[in-house]
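Have a look at the structure below, then the notes.
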Amino acid sequence: QVQLVESGGGLVQAGGSLRLSCAASGRTFSTYARGWFRQAPGKKRELVAQIVWSGGSTWYADFVKGRFTISGDNAKNTVTLQMNSLKPEDTAVYYCAATNSGATYSYWGQGTQVTVSS
46 QVQLVESGGG
56 LVQAGGSLRL
66 SCAASGRTFS
76 TYARGWFRQA
86 PGKKRELVAQ
96 IVWSGGSTWY
106 ADFVKGRFTI
116 SGDNAKNTVT
126 LQMNSLKPED
136 TAVYYCAATN
146 SGATYSYWGQ
156 GTQVTVSS
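Mapping of the sequence shown onto our numbering: position 99 corresponds to residue 144, and the numbering continues sequentially without gaps.
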């Protein structure tokens, strides 16, 4: 099992920045990738960004490219999502997740609220 705990959400004005962190514990040695998802009210959960733990390759959804950056710290077993130039449409609950296979995300954090005011 892998336990994930997010931190860093909050309220920010449009154009501002927030930094989300996700701390992992448990059987983290089997992690293939970590990702950040988000879910806005009435919408489906969507993948925002992910990082392959070995090698560090990253992927971003088109709607955050150039604004968000995902990074990982092996020593601290944390993954961070730096969010810049935030827009009101970025308002959502953001979830950290981990996958051992690369196909399905099996481990989830409790979520952290990000609210961007216009």
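Ideal Cβ positions, reconstructed from N, Cα and C, are used throughout, including at glycine.
Contact under 8 Å by Cβ, residue i with residue j
| i | j | result |
| --- | --- | --- |
| V93 | R83 | yes |
| P133 | V159 | no |
| Q95 | R72 | no |
Residue closest to residue i, alpha-carbon to alpha-carbon, out of the options
| i | options | result |
| --- | --- | --- |
| L56 | L49, V50, R64 | R64 |
| P86 | Y152, S151, Y139 | Y139 |
| F74 | S99, G111, S66 | S99 |
| K88 | A137, G61, G111, C67 | A137 |
For residue j and residue i, the rounded distance between their alpha carbons
| i | j | result |
| --- | --- | --- |
| L131 | T149 | 28 Å |
| L126 | Q46 | 23 Å |
| N119 | Q58 | 32 Å |
| V109 | I115 | 11 Å |
Cβ distance (whole Å) where residue i is taken to contact residue j below 8 Å
| i | j | result |
| --- | --- | --- |
| A69 | N145 | About 12 Å; that fails the 8 Å criterion. |
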